[in-house]
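Below you'll find the structure, written out as structure tokens, and then a few comments.
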Amino acid sequence: MKDKMIEGKIVKISGPLVVAGGMGNVNMFDVVKVGELGLIGEIIEIHGDNAYIQVYEETGGIGPGEKVVSTGEPLSVELGPGLIGTIFDGIQRPLKEIAVKAGNFIPRGLDIPHLDRNKKWDFKPVLKAGAEVKAGFVLGTVDENENIVHKIMVPPNIDSAKIKKIESGSFTVTDTVCLLETKKGETEVKLMHKWPVRIGRPYLRKNAPTRQLKSGQRVVDAMFPIAKGGTACVPGPFGSGKTVIQHQLAKWADAKIIVYIGCGERGNEMTDVLNELPHLKDPYTGKTLMERTVLIANTSNMPVAAREASIFTGITIAEYYRDMGYDIALMADSTSRWAEALREISGRLEEMPGEEGYPAYLGTRIASFYERAGDVVCISEDERQGTLSVIGAVSPPGGDLSDPVVQATLKVVKVFWSLESQLAYRRHFPAISWLNSYSLYYDNFREEIEKKMGTIWTEMRRETFRLLQIENDLIEIVRLVGIESLSQKDRLTLEVSRLIREDFLHQNAFSDIDTYTSERKMFLMLDTILQMNEKGRAAIDRGMKTEDVFKIPAVEKIARMKYVPENELKQIESIKDDIKGELDRLERTEA
Amino acid sequence: MTKEYKTSAEISGPLLLVEKVDNVKFEELAEIEMDNGEVRRGQVLEVDGDRALIQIFEGASGINLKKVKIRFKGKGIEIPLSPDMLGRVFDGQGSPIDGGGAIIPKVIRNINGNPINPYTRDYPSEFIQTGISSIDGLNTLVRGQKLPIFSASGLPHAQLAAQIARQARVRGSKEDFAVVFAAMGITFEEADYFISDFKKTGAIERAVLFINLADDPAIERIAIPRMALTTAEYLAYECDMHVLVIMTDLTNYCEALREISAARKEVPGRRGYPGYLYTDLSTIYERAGRIKGKKGSITQIPILTMPEDDKTHPVPDLTGYITEGQVILSRALLKKGIYPPVDVQASLSRLKDKGIGKDRTREDHADVFNQLFAMYALGLEARELAVILGEGALSEKDKLYLEFADSFDKHYINQGEDENRNIEFTLNLGWKLLGIFDKAELKRIKDQFIDTYYKSEQVEKLQFKAADFDQEL
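As given, the protein sequences belong to chains Z and E, one line each in that order. First residue of the first sequence? That's 3 in our numbering, and the numbers climb one at a time after it. First residue of the second sequence? That's -11 in our numbering, and the numbers climb one at a time after it.
And the structure:
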């Protein structure tokens, strides 16, 4: 790379945008070191001899005349063992190492290797010398932790090669473990390699997603499910619980690996995740959640340009694990902050603004990010399947969904969880509106679900949606003319819908038991409530009043269902019989 | 000898363009000497080759392009720091204005600070008792939190902030404690209210005040919160103090930012505020927090006034996205004679869950909170219904909810300006109000707590103390 080193001089500084002269020979999107401090920046425009650089660190104290050196490489991440369980900043510098080196605050111009250079990993080859390989072939594995087998693959940019030498034993990420003979000569394979963040990692082909990504959140799994390899967005005003939902998904989604990007959000929220994950157990593997999580933190007070990069850093890491044939879920909180970073840089470049000052290419950028999600067949020896699901939070000003970022996002995502402040005010969490939200995936995995839950499940979902819709209409009527005008059956609909809302859709993220619900429990809960609907209706037909029907003790038990532990689900199963018995008894006493 | 430039080329608003400069750094401090000898200060906003754009803090009036002399100081805005700052009052440039001598600095710091590494943050979880039920009980404040007060013109945010500053304590601790107060563009009367309140209660001994009044240069408002926070960081992380930072009024701060942005001819965002308003505000708010291994902490109570009581205005909106909750004041409650008029439903403390419960407040806190909240919501619905259909049309249940909501407003939210309630009182008060419901109605409270507290002796003997409030609502 030495021959590519190009040195220029700073001409202009305006916030995170620096212009340097004498840079005519650099490549677009190359990373440069800016000024005496060596701040990290990226070239985003070239005009003749001048390069426009967005700098990922604060630019105070930098002046014209200082040098700018090109590294000759685009912004890249290091991919290899050691990613899991680590917290990085927006350009993949490990925050723990920064703290060790620089203390409690993040200074500028720190140059720290992204992956630990000293740690040794046990490499176990699966192929022998002489084997013919192609891109994506697994050469060997490293146990990254008890949970994750990290596959060391032939990098995507190598067409075909023959293994000349392959070694087993203990290596650092920069040691060569394998020597490949290609047409162009020999290539060393190390435990880690670099990949430019703005270029999606290649795959063989993409499929329509067909499996559900379970989240343990009832309103999500039952009403608005997301697919493995699918995309979802969570827009909502502040205080509506976007971050709690993202955290819940990061904790309980049944993905092999979670990549969580805190993009321009609160520092304490990242601390919260960091504190909690090591203590929580993954319900699917029994290991701690930290052992399957990669964290990227660019908090709101960290440099704005790095925020723009953080989303790409995260998704490139996610794609790398996808290529190993795993199911990955990526959460980005919040994509609005990322879009604002785009807007800020665009403004400094004096580009013609589009809607609300956002650049005209906002929609394209958002689409190109979400399109990196998918259910893919990886380039590999065994056509293994990997999925990458992307869930983005959006923070529209004032919760207004006409915001350009929301609108551009809705064009590309298939699941929309609409958060409403009215629900949040009533402390109904997750505040996902059952009237406005949608998921376009249910039919993709309907067969799979029906195989497990029975065909009745589709029917139950439909009935639930129907009841909630009718409730909404009835409430309007009650507002206008009072509850007296409603028939007994309509009143029953109101009461049952209330059970659905309060005892099924409402879920307490801070309760040890209610924070996660298995499919079985979810089914039993909804089944019990719908039983109440059915039996209640029959009772009214026989002349009873809604008020009395809802006085039976079983209603109390329905309210406590969510706090029944997973290993005592019999308690819920028995409520159905209670409902029948108690209603029969009630009828007898009234008669 | 620093170079002096007489090459000023343009003035527009508070911005001065100087040409043919050499070796000027971004965000460097500059001195502007006028021909009458007056020296003003400014900061470099942009450097383009040999042209530097300077933002003048005291404004550009009276500057003559031909005669003005510019000197660059080779450093950004700095503030001298020392524990002796406690008890002192400073202006927007960090110079004392209380008649006392200059501060002999222990250290000098750039006011911009560096972001706290999220890895070294300590999650805030220590309960701060403010003595105000609507905050302690429902929107609990913890050490290291940033909890703004969303107010509007004519609402008693100043009284509330002063009361919090007076009463805030961490229970059972005698740790060092300080208040840093930053006034941005507020009136003399409002500033005087705080200063005399601090003096009256002796709090001034433990306070550092930065004052920029409404008629002081708007540009100084940009630097003042950062000076206050740099001081707070020094006191917290180097002098081991627990610092409460009160900043008022952030809306004025944002307007000053807008003014500069407009002068720089930047592409405006919503309502003319610059597109980077969020980022800029976060560099203020995110300086609250705790750091692992440090004794001190920084808790922020920023105050902002919502133009037209509009919560979706960019200033409250972006603030809400950064801070850890908000306390919203309501004009309707104030009109009913309720102080502090906290709109409980719209207010929120995001960090409350980790700050309450056993060993922090009391084991029943979370359940009581949920129950009070649920009942109050039902009460408000009933109140709304009563407005449309008349009270007579309410069901027995709804009437009970309405009664609850009324007494909740009257006894729980409402309290005296000098009334300092401890957390036990606040919690028992909640139980007392819930006493009008049947046990079985209290679905959100665990049975064990109902057994201990529901209509218990300590709850029953409790007297409502709303000091100067006895007339019917």
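Ideal placement from N, C-alpha and C gives every residue a C-beta, glycine not left out.
Check	Outcome
Environment of residue 114 of chain E [buried if 16+ CB atoms lie within 10 Å]	buried
Same chain, Cβ closer than 7 Å to residue 154 of chain E, neighbours up to 5 away in sequence not counted	189 and 191
Interface positions of the segment 282 to 312 of chain Z facing chain E (Cβ-Cβ less than 7 Å), listed along the chain	299, 301, 302, 303, 304 and 306
Three-state class that DSSP yields for residue 292 of chain E in the structure shown	strand
Alpha-carbon spacing of residue 533 of chain Z relative to residue 579 of chain Z, whole angstroms	10 Å
Under 9 Å (Cβ pairs) to chain A, residues found in the segment 339 to 366 of chain E	Among the protein chains of the structure shown, namely Z and E, there is no chain A.
Contact check, residue 3 of chain E vs residue 251 of chain E, beta carbons under 8 Å	yes
Candidates Z/469, Z/302, Z/115 and Z/81, of which the one nearest residue 97 of chain Z by Cα	Z/115
Contact check, residue 285 of chain E vs residue 131 of chain E, beta carbons under 8 Å	yes
Residue 442 of chain Z beta carbon less than 8 Å from that of residue 221 of chain Z	no
Inter-residue spacing [alpha-carbon to alpha-carbon] between residue 12 of chain Z and residue 100 of chain E	23 Å
N- and C-terminal bounds of the beta strand (DSSP E) containing residue 28 of chain E	27 to 36
Residue-chain proximity (residue 277 of chain E, chain Z), Cβ-Cβ < 8 Å	yes
Residue range of the alpha helix (DSSP H) that includes residue 226 of chain Z	Element bounds for residue 226 of chain Z: n/a, residue is neither H nor E.
Counted within 10 angstroms of its Cβ, other Cβ atoms place residue 461 of chain E as buried (16 or more) or exposed	Model confidence at residue 461 of chain E stands at a pLDDT of 32, short of 50, so the residue's coordinates are unreliable and nothing is read from them.
Beta carbon proximity, residue 260 of chain E to chain Z, threshold 8 Å	no
Residue from E/165, E/21 and E/61 whose Cα sits closest to the Cα of residue 54 of chain E	E/21
Chain E contact residues for residue 484 of chain Z, given Cβ-Cβ distances below 7 Å	377 and 381
Cβ-based contacts, 9 Å cut-off: residues of the segment 425 to 441 of chain Z near chain E	426, 427, 428 and 429
Own chain partners of residue 147 of chain Z with C-beta closer than 8 Å, once the 5 adjacent residues on each side are dropped	86, 87, 289 and 293
Alpha-carbon spacing of residue 587 of chain Z relative to residue 277 of chain E, whole angstroms	59 Å
Residue 1 of chain E: contacting residues in chain Z (beta-carbon distance under 8 Å)	Chain Z residues near residue 1 of chain E: none, gap ~17 Å exceeds 8 Å.
C-beta contact flag for residue -4 of chain E and residue 129 of chain E at 8 Å	no
Straight-line gap, residue 170 of chain E to residue 434 of chain Z (C-alpha atoms, nearest Å)	39 Å
Proximity test, Cβ basis, 8 Å: residue 272 of chain Z and chain E	yes
8 Å Cβ cutoff met for residue 78 of chain Z and residue 32 of chain Z	no
Expected contact under 8 Å - CB spacing of residue 270 of chain E and residue 303 of chain Z to nearest Å	5 Å
Euclidean distance between Cα positions of residue 477 of chain Z and residue 497 of chain Z	11 Å
Complete beta strand (DSSP E) runs within the segment 271 to 357 of chain Z (minimum length 3 residues, chain order)	295 to 300 and 329 to 335
Segments of 3+ residues assigned as beta strand (DSSP E) that fall wholly inside the segment 301 to 349 of chain E	313 to 316
Supposed contact pair residue 411 of chain E and residue 350 of chain E - C-beta distance, whole angstroms, cut 8 Å	7 Å
Beta carbon of residue 205 of chain Z nearer than 8 Å to that of residue 379 of chain Z	yes
Contact check, residue 18 of chain E vs residue 37 of chain E, beta carbons under 8 Å	no
Cβ-based neighbour list, residue 246 of chain E, same chain, cut-off 7 Å, excluding 5 preceding and 5 following	260, 261 and 262
Best match in Z/529, Z/547 and Z/105 for proximity to residue 571 of chain Z [C-alpha to C-alpha]	Z/529
Rounded separation between residue 118 of chain Z and residue 74 of chain Z - CA only	23 Å
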